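Notes follow the structure.
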């Protein structure tokens, strides 16, 4: 009986009995200004219109001298008028979470987006939370499977690693994410579609993700036509849902498309709030918020969040501010090439420009040798591609180039696949072994192939001990030789004296 009343008791305890109110005084562009209420930054408020409708807004700034509060609405501001009542909730954004959230689509506020009825959530989780304490983060030493051969073979990722997918528009970012979502061995997928076209949302869910992928996924949606604050907070809601499942001990796969539109949303809010622009028109708050969002993923003492963030590269410039900041924060980057896309090379991953910083921590020694060899052959072929295609290169001039040319078709087979292909790790490593000519034992097929490796500090210490031992041995031999030589000289000297 007590359990039956628990949810009602919780609702009563969470209810604010004293509400602060204010009134709308002006709307300037995206910003709503009101006189009052007494509220803090990030607090949710309700704006009550004369026609009886209500609109959720968030406090993004204030001016104490004028007793003015700056609000950003989560919906259309149509219907708001001077004098509309503003009621503070006393709470920041919290997201409904629970096991029954799987298979559902929600909006930035955690409300149902899929018209399947109300959510049956177990609890609420704060949308804005700090990153895990570095001292509580578990080591990343287990491989996660993406089902994409190019990634699993040459850009291997670990559970809890964070990577960026960098590309211009229309090069296959969403398709690559859908392949990972369908084929990963993670327990749960959490997908954030931030600032996407309305057409692409259901296209991604129905055609790319599909019913099988949706069963173990939660999708958070804020389309490009929604308000700046909705697009911004959708990224936080996505991360909060992933954190909840991580705290349940799950291995979570988080995919966010795209972090660039998250930055665009904050740029709009910051500009409307009077912040001065810095790099490329972005206010300083963007560079403060971005690492705080990205650092929330990864491992903690309970589970892991492996994260893939897409970055829409402005003007195909990988050094533009957002790309540069994201690349410097994450644990690796995957670059999609328009050139490869035009050549119908799918997925269009540019191996020579991509890197996984933790790949050698989650793979076995033979796998590493094979991956290093194939990566080198790719690099050699690309460096000499113009000569090869022009017929200038003469076979036999360079053994490495000859091998790169000979193995090129097999390497292409390894790196390309249809979006419907399901590639197991066994199949991927077998192909890698055949292409490289290096045998990969079956015990390296396991996700735990990287466990038990000695740390760099341990290897250095062992080498120091070996070096000292070798040095002592050499010193001992040297001392023995010197002693013998000294005794011989002494004997000769004594013999000379005895003759005298």
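Numbering (the UniProt record's numbering), first residue to last: 1 to 500.
We put the CB at the ideal spot given by N, CA and C, even for glycine.
The structure displayed is predicted, hence computed values, not measured ones.
Restricted to the region 277 to 342, the beta strand (DSSP E) segments that are unbroken, complete and at least 3 residues in length are 304 to 312, 332 to 335, listed in chain order. One Cα belongs to residue 422, the other to residue 312, and the distance between them is close to 27 Å. If you check the CB distance, residue 153 and residue 318 do not come in under 9 Å.
It is roughly 38 Å from the alpha-carbon of residue 377 to the alpha-carbon of residue 293. The beta strand (DSSP E) runs of length 3 or more contained entirely in the region 85 to 166 are, from start to end of the chain, 85 to 92, 94 to 97, 123 to 126. With respect to the 9 Å criterion, residue 160 and residue 140 are classified as neighbours on the basis of their beta carbons. In this model, residue 130 and residue 259 are separated by some 18 Å (Cα to Cα).
Bridge partners of residue 214 according to DSSP: none are assigned. Per DSSP, residue 177 is not a residue of any beta strand (DSSP E); the alpha helix (DSSP H) it occupies stretches across 173 to 183. Among the bridge pairs identified by DSSP, residue 372 is matched with none.
The region 190 to 205 makes no contact with the region 335 to 342, as fewer than three CB pairs between them are under 8 Å.
In the structure shown, residue 415 adopts helical secondary structure according to DSSP, grouped into three states.
The three-state secondary structure of residue 23, taken from DSSP, is strand. In the three-state DSSP reduction, residue 423 falls in the coil class, being neither helix nor strand. Here the region 175 to 183 makes no contact with the region 94 to 102; the two share fewer than three CB pairs at distances below 8 Å. Contact between residue 449 and residue 364 holds: CB atoms are separated by about 4 Å, below the 8 Å threshold. Looking at the backbone, the Cα of residue 83 and that of residue 287 are separated by about 36 Å.
Contact annotation: residue 148 and residue 349 have beta-carbon atoms nearer than 9 Å.
The DSSP-derived three-state label of residue 348 is coil. Taking a cut-off of 8 Å on C-beta distances, the region 230 to 244 touches the region 99 to 118, as three or more cross pairs fall below it. The beta carbon of residue 289 lies closer than 7 Å to those of 266 in the same chain, with the five residues before and after it left out.
In the three-state reduction of the DSSP assignment, residue 464 falls in the helix class, which pools H, G and I. DSSP places residue 275 in no alpha helix (DSSP H); its state is neither H nor E. Contact between the region 28 to 35 and the region 63 to 73 is present: 3 or more CB-CB pairs across the two stretches fall below 8 Å. For residue 69, the uninterrupted beta strand (DSSP E) run begins and ends at 68 to 73, by DSSP. Contact holds between the region 296 to 304 and the region 249 to 259, because three or more Cβ pairs, one in each stretch, are under 8 Å apart. Annotation: residue 209 is outside any beta strand (DSSP E) and is labelled neither H nor E by DSSP. For the pair residue 263 and residue 459, the Cα-to-Cα distance works out to about 42 Å.
Between the C-alpha atoms of residue 215 and residue 176 there is a straight-line separation of about 19 Å. According to DSSP, residue pairing for residue 356 in a beta bridge involves 332. Between residue 75 and residue 43, the CB-CB gap reaches or exceeds 9 Å. Between the beta-carbon of residue 346 and that of residue 428 there is about 16 Å, and that puts the pair past the 8 Å contact cut. Between residue 86 and residue 136 the beta-carbon gap is near 40 Å, outside 8 Å, which marks them as no contact. In the DSSP secondary-structure assignment, residue 250 is not bridged to any residue.
Here residue 171 is buried: its Cβ has 16 or more other Cβ atoms, across all protein chains shown, within 10 Å.
When the five nearest sequence neighbours on each side are left out, the beta carbons in the same chain lying within less than 7 Å of the beta carbon of residue 369 are those of 438, in order along the chain.
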